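Step one of this worksheet: look at the structure below.
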Amino acid sequence: MPNKAMPNLHPVAPAAPVAPATAPRPVALELRDLTTVFPGDDGPVTVIDGVSLAVRAGGTLAVVGESGSGKSMTFLSALGLVAAPGRVRRGEVRIDGADILHQPPERLRRLRGAVISMIFQDPLTALNPVFTIGEQIVEVLRAHQRIGRAAARARAIELLARVQIPDPARRVDDYPHQLSGGQRQRVLIAMAIALSPKILIADEPTTALDVTVQAQILDLLADLQAETGMALVLITHDLGLVARYADDVAVMYAGRLVETGSMEEVFTKPRHPYTRALFRSIPRLDGPVDEELPAIEGQPPNVARLPPGCAFEPRCTVGRGRADCCTRRPLPLAGDRSGHRSACFHEDLPDRKEAIR
Amino acid sequence: MDRLLRQLSQLAITVFGIVTVTFFLVRMIPGDPAQYMLGDYATEEALATLRAQLGLDQPVYVQYGLYVLRAVTGDFGSSVVTGRPALEEILFSLPDSAILAFAGLAVAVAIGIPLGILTAERQGSWSDMLIMIVALFGISFPVFWLGLASVLLFSQELKWFPALGASSGGGFLTHLHHLVLPAGVLGISVAAYITRLTRSAMLEVLGQDCIRVARAMGVPERRVVWRLALKNALVPILAIVGVTFAWSLGSAILIEVVFSRPGIGSMILKAVSARDYQLVQAGVLVLAVAVVLVNSLLDLAYGLVDPRLSTR
Chain X
1 MPNKAMPNLH
11 PVAPAAPVAP
21 ATAPRPVALE
31 LRDLTTVFPG
41 DDGPVTVIDG
51 VSLAVRAGGT
61 LAVVGESGSG
71 KSMTFLSALG
81 LVAAPGRVRR
91 GEVRIDGADI
101 LHQPPERLRR
111 LRGAVISMIF
121 QDPLTALNPV
131 FTIGEQIVEV
141 LRAHQRIGRA
151 AARARAIELL
161 ARVQIPDPAR
171 RVDDYPHQLS
181 GGQRQRVLIA
191 MAIALSPKIL
201 IADEPTTALD
211 VTVQAQILDL
221 LADLQAETGM
231 ALVLITHDLG
241 LVARYADDVA
251 VMYAGRLVET
261 GSMEEVFTKP
271 RHPYTRALFR
281 SIPRLDGPVD
291 EELPAIEGQP
301 PNVARLPPGC
311 AFEPRCTVGR
321 GRADCCTRRP
331 LPLAGDRSGH
341 RSACFHEDLP
351 DRKEAIR
Chain Y
1 MDRLLRQLSQ
11 LAITVFGIVT
21 VTFFLVRMIP
31 GDPAQYMLGD
41 YATEEALATL
51 RAQLGLDQPV
61 YVQYGLYVLR
71 AVTGDFGSSV
81 VTGRPALEEI
91 LFSLPDSAIL
101 AFAGLAVAVA
111 IGIPLGILTA
121 ERQGSWSDML
131 IMIVALFGIS
141 FPVFWLGLAS
151 VLLFSQELKW
161 FPALGASSGG
171 GFLTHLHHLV
181 LPAGVLGISV
191 AAYITRLTRS
201 AMLEVLGQDC
211 IRVARAMGVP
221 ERRVVWRLAL
231 KNALVPILAI
241 VGVTFAWSLG
251 SAILIEVVFS
261 RPGIGSMILK
271 AVSARDYQLV
281 QAGVLVLAVA
291 VVLVNSLLDL
301 AYGLVDPRLS
311 TR
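Chains X and Y are the protein sequences, given in the same order. If you're matching positions, the first sequence starts at 1 in full-length UniProt numbering and goes up one per residue. If you're matching positions, the second sequence starts at 1 in full-length UniProt numbering and goes up one per residue.
So this is what it looks like as structure tokens:
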């Protein structure tokens with residue numbers, strides 16, 4: 001069975017480390033112990049389990065993991081957008097140090113789009129088909145500002161120009177179906193940055209687009225980030241994009257974080273067996289043409305029936321059947337001073353090194 | 001323009017189909033009209049003469065051919081009871097029925113669409129469940145039962161509204177006074193249907209990606225539901241209104257009987273019992289064409305609502 005978790009890596013070498021900033025930039029968004037549950041047949045199912053993460057202003061955090069690992073759900077939870085009957089059971093979402101989750105819906109509504117914004121995977125369905133793109137941008141502006149129709153329209157044209165839509169004064173009256181996929185994602189980005197948010201969450205923004213357009217969209221995001229200093233969360237399963245754009249990486253499996261750290265640390269010294277398995281399944285340019293890629297054995301887990309211990313244990317080549325510590329309870333993230341942390345008992349096992357190759 | 005032409009040719013084909021179907025349907029009503037008109041003691045010769053006069057002695061395909069040829073020129077024959085042209089009779093009573101059907105539909109739309117949106121917004125809440133249960137009752141109770149019950153309550157007991165007639169003599173207000181009860185009954189029974197279908201159309205739209213995006217951008221929930229989602233749901237809602245128009249015309253016929261109002265309904269009912277073929281044919285045809293026309297207009301309106309439909 002083809003494994004959906006298999007990352008689609010273009011062979012991109014990790015970029016040179018970004019020059020260390022003189023002073024650490026402030027944390028723009030911090031999740032603490034975020035836990036989201038949905039009602040299930042046998043009691044609540046924990047789909048997000050105690051996720052703690054931070055993104056610094058101007059920094060890019062990549063969140064990777066296979067489909068269903070809870071990457072998108074984590075940030076929908078952070079925005080208070082979990083669809084009923086799901087709910088956030090526990091945890092905090094801090095922006096500039098203040099928790100935003102436990103406050104009236106109207107306050108949270110005002111933050112969404114203005115301070116923290118999100119763009120989604122499929123630009124073909126993310127725009128409303130019966131309104132012009134101008135109307136949709138104006139709708140976002142007027143949701144947050146007292147601004148007249150004419151001024152809002154002028155601002156919408158400016159925003160379209162800023163995301164490099166050609167001839168914006170004319171395209172502003174187009175309907176979504178008159179635009180290409182890449183242009184639609186640009187329009188969504190225009191909506192998302194309309195109020196200069198501090199944090200932009202991009203949920204697989206290029207998955208539905210072809211490869212050349214992918215690069216254009218991500219470069220646009222990187223440019224906007226450089227201009228505005230916003231924090232970017234890039235949800236993806238494309239490790240090539242992670243290597244190219246991310247400062248930090250968080251790896252999720254079955255609704256839990258299994259490894260976090262700086263991009264160089266995680267790429268050069270992956271610790272968790274799941275992360276290592278992900279990297280092994282990447283094709284290499286210098287490998288044989290007919291090389292068969294190792295897929296991760298077994299099935300992605302069903303979050304409704306997780307084992308009591310490590311969720312990856314049933315598929316793990318390192319820990320499976322080796323130690324009952326893997327099956328007793330999940331391990332919290334632990335790590336060293338570099339900030340590279342992982343949730344595995346077997347980091348010191350000798351075969352860890354051979355697993356890396 | 002292309003679209004309009006296509007619409008018109010579709011309309012022509014549909015009307016031809018209706019003409020054919022009504023012709024054969026009417027021929028399926030049991031009983032011999034000549035016998036019916038002349039009574040049980042008529043002589044064989046008298047019956048034969050009348051059948052010849054009505055063209056009933058011809059083979060059915062000849063009758064059909066003549067009927068279609070005349071229909072093209074707008075001639076649907078004369079009522080055997082009154083002797084006046086059938087189409088004229090029907091068109092004369094059309095306004096009464098049209099007023100009732102449109103008033104009922106207006107009530108239904110005014111109640112059903114907002115309730116459908118509200119219940120979709122509050123899906124699963126107690127108010128949603130309560131309204132859905134009431135709507136289920138509204139669909140389940142036959143319209144003539146609702147009519148009789150409302151006559152008992154509002155005319156007999158409370159004496160708020162007149163029970164019968166359409167006040168042919170009085171002014172506008174008297175007309176309105178006579179219209180409230182029948183239109184209200186018709187509207188409420190159709191509203192139940194519109195509510196349920198609007199709710200499901202809205203629920204489908206509210207689950208779409210573009211709505212989640214609007215929420216993620218902080219658009220207030222009221223705007224999300226009543227503007228962004230509603231316009232998306234408008235095409236299915238318009239389709240529902242088109243379907244219910246046919247239904248409310250059909251119900252209007254029953255209501256006319258319950259409230260003894262003049263109109264096509266009462267006329268067709270009388271014509272059927274009198275085996276007045278010409279009148280029944282013309283009546284059914286006019287009702288069917290009205291339904292088709294309204295639906296064609298709504299088809300054109302889709303293009304105004306959904307730009308993807310107008311550019312194609």
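C-beta atoms are modelled at their ideal positions from N, C-alpha and C, and glycine is treated no differently. From a predicted model like this one, the values you see are computed outputs, not experimental measurements.
For residue j and residue i, believed in contact at Cβ under 8 angstroms, the rounded distance
{"i": "serine 79(Y)", "j": "leucine 279(Y)", "result": "5 angstroms"}
{"i": "leucine 34(X)", "j": "isoleucine 48(X)", "result": "6 angstroms"}
{"i": "threonine 244(Y)", "j": "valine 185(Y)", "result": "So it is not a contact: roughly 15 angstroms between Cβ atoms."}
{"i": "glycine 70(X)", "j": "methionine 252(X)", "result": "6 angstroms"}
{"i": "glycine 182(X)", "j": "leucine 124(X)", "result": "Not confirmed; about 11 angstroms, so no contact."}
{"i": "phenylalanine 154(Y)", "j": "leucine 181(Y)", "result": "6 angstroms"}
{"i": "valine 172(X)", "j": "lysine 231(Y)", "result": "Actually they are not in contact, since the Cβ atoms of valine 172(X) and lysine 231(Y) sit about 18 angstroms apart, beyond 8 angstroms."}
Proximal residues to residue i (C-beta, below 7 angstroms), its chain only, five neighbours per side dropped
{"i": "arginine 329(X)", "result": "Pro308, Gly309"}
{"i": "arginine 112(X)", "result": "Leu79"}
{"i": "arginine 199(Y)", "result": "Gly116, Thr119, Ala120"}
{"i": "alanine 192(Y)", "result": "Ala135, Gly138, Ile139"}
Contacts around residue i, its chain only, beta-carbon distance under 8 angstroms, and the 5 residues preceding and following it disregarded
{"i": "threonine 228(X)", "result": "Ile193, Ser196"}
{"i": "valine 241(Y)", "result": "Leu105, Val109, Ile194, Leu298"}
{"i": "leucine 238(Y)", "result": "Leu298, Ala301, Tyr302, Val305"}
Alpha carbon of residue i to alpha carbon of residue j, nearest angstrom
{"i": "arginine 337(X)", "j": "arginine 305(X)", "result": "34 angstroms"}
{"i": "proline 236(Y)", "j": "glutamine 299(X)", "result": "41 angstroms"}
{"i": "glutamine 145(X)", "j": "lysine 198(X)", "result": "17 angstroms"}
{"i": "alanine 334(X)", "j": "isoleucine 119(X)", "result": "31 angstroms"}
{"i": "isoleucine 188(Y)", "j": "leucine 152(Y)", "result": "17 angstroms"}
{"i": "leucine 287(Y)", "j": "glycine 250(Y)", "result": "9 angstroms"}
{"i": "arginine 212(Y)", "j": "valine 224(Y)", "result": "9 angstroms"}
{"i": "alanine 21(X)", "j": "glycine 65(X)", "result": "With a pLDDT of 48 at alanine 21(X), under the threshold of 50, the modelled position of this residue cannot be trusted, and the question is left open."}
{"i": "phenylalanine 267(X)", "j": "arginine 276(X)", "result": "9 angstroms"}
{"i": "leucine 25(Y)", "j": "isoleucine 131(Y)", "result": "40 angstroms"}
{"i": "proline 26(X)", "j": "proline 283(X)", "result": "37 angstroms"}
{"i": "glycine 216(Y)", "j": "glutamate 106(X)", "result": "Per the sequence shown, the amino acid found at residue 216(Y) is alanine instead of glycine. About 13 angstroms."}
{"i": "threonine 317(X)", "j": "serine 281(X)", "result": "14 angstroms"}
{"i": "alanine 246(X)", "j": "isoleucine 133(Y)", "result": "54 angstroms"}
{"i": "arginine 153(X)", "j": "glutamate 135(X)", "result": "8 angstroms"}
{"i": "glutamate 44(Y)", "j": "tyrosine 61(Y)", "result": "24 angstroms"}
{"i": "threonine 74(X)", "j": "proline 220(Y)", "result": "22 angstroms"}
{"i": "glutamate 264(X)", "j": "leucine 304(Y)", "result": "54 angstroms"}
{"i": "phenylalanine 92(Y)", "j": "glutamate 139(X)", "result": "50 angstroms"}
{"i": "serine 77(X)", "j": "valine 303(X)", "result": "17 angstroms"}
{"i": "valine 19(Y)", "j": "methionine 28(Y)", "result": "15 angstroms"}
Selection from the options that minimises the alpha carbon distance to residue i
{"i": "leucine 29(X)", "options": "Tyr253(X), Asp42(X), Ile100(X)", "result": "Ile100(X)"}
{"i": "proline 51(X)", "options": "Val318(X), Phe345(X), Ala254(X)", "result": "First, the residue type needs correcting, since residue 51(X) is valine and not proline in the sequence shown. The candidate whose alpha carbon is nearest that of valine 51(X) is Ala254(X)."}
{"i": "leucine 176(Y)", "options": "Ala42(Y), Thr73(Y), Gly104(Y), Leu203(Y)", "result": "Gly104(Y)"}
{"i": "phenylalanine 23(Y)", "options": "Pro33(Y), Gln63(Y), Leu54(Y)", "result": "Gln63(Y)"}
{"i": "leucine 228(Y)", "options": "Ala222(X), Ile137(X), Pro24(X)", "result": "Ile137(X)"}
{"i": "proline 301(X)", "options": "Glu292(X), Leu293(X), Ala311(X)", "result": "Ala311(X)"}
{"i": "valine 72(Y)", "options": "Gly303(Y), Leu285(Y), Asp32(Y), Phe144(Y)", "result": "Leu285(Y)"}
{"i": "valine 187(X)", "options": "Leu160(X), Val211(X), Thr46(X), Asp210(X)", "result": "Leu160(X)"}
{"i": "alanine 34(Y)", "options": "Thr20(Y), Ala274(Y), Asn295(Y)", "result": "Ala274(Y)"}
{"i": "leucine 241(X)", "options": "Pro270(X), Pro273(X), Asp203(X), Ala226(X)", "result": "Asp203(X)"}
{"i": "valine 291(Y)", "options": "Phe154(Y), Pro142(Y), Ser97(Y)", "result": "Ser97(Y)"}
{"i": "methionine 267(Y)", "options": "Thr82(Y), Ile111(Y), Ser296(Y)", "result": "Thr82(Y)"}
Own chain residues within Cβ distance below 6 angstroms of residue i, not counting five before or after
{"i": "threonine 260(X)", "result": "Ala250, Arg341"}
{"i": "arginine 196(Y)", "result": "Ala135"}
{"i": "aspartate 128(Y)", "result": "Thr119, Arg122"}
{"i": "alanine 101(Y)", "result": "Ser248, Leu249, Ala252"}
{"i": "aspartate 306(Y)", "result": "Val235"}
{"i": "glutamate 291(X)", "result": "none"}
{"i": "residue 323(Y)", "result": "A query on residue 323(Y) cannot be resolved here, the shown segment of chain Y reaching from 1 to 312 and no further."}
Please identify, using Cβ separations under 9 angstroms, the residues of the segment 231-259 of chain Y that lie next to chain X, in order along the chain. Residues passing the 9 angstroms Cβ filter: Lys231, Asn232, Leu234, Val235.
Quick one, which residues of the segment 115-136 of chain Y are near chain X if we go by CB-CB under 7 angstroms, in chain order? none
With 7 angstroms as the limit, tell me which residues of the segment 294-306 of chain Y have their beta carbon closer than that to any beta carbon of chain X; keep them in chain order. Residues Val305, Asp306.
Positions along the segment 186-204 of chain X whose CB lies within less than 9 angstroms of some CB in chain Y: Under the 9 angstroms Cβ criterion, the segment 186-204 of chain X contributes Leu188, Met191, Ala192, Ala194, Leu195, Ile201.
Under 9 angstroms, CB to CB, which of the residues in the segment 123-136 of chain X have a partner in chain Y? Leu124, Thr125, Ala126, Leu127, Asn128, Pro129, Val130, Phe131, Thr132, Gln136
Residues of the segment 33-62 of chain Y whose Cβ lies closer than 9 angstroms to any Cβ of chain X, in chain order: none
If you measure beta-carbon to beta-carbon, which residues of the segment 141-162 of chain X are closer than 7 angstroms to chain Y? Ala143, His144
Output needed in chain order: residues of the segment 188-221 of chain Y with a Cβ under 9 angstroms from some Cβ in chain X. Hits within the stretch, in order: Gly207, Gln208, Asp209, Cys210, Ile211, Arg212, Val213, Ala214, Arg215, Ala216, Met217, Gly218, Val219, Pro220, Glu221.
What residues in the segment 226-242 of chain X bring their beta carbon closer than 9 angstroms to a beta carbon of chain Y? Listed by position along the chain: nothing, the set is empty.
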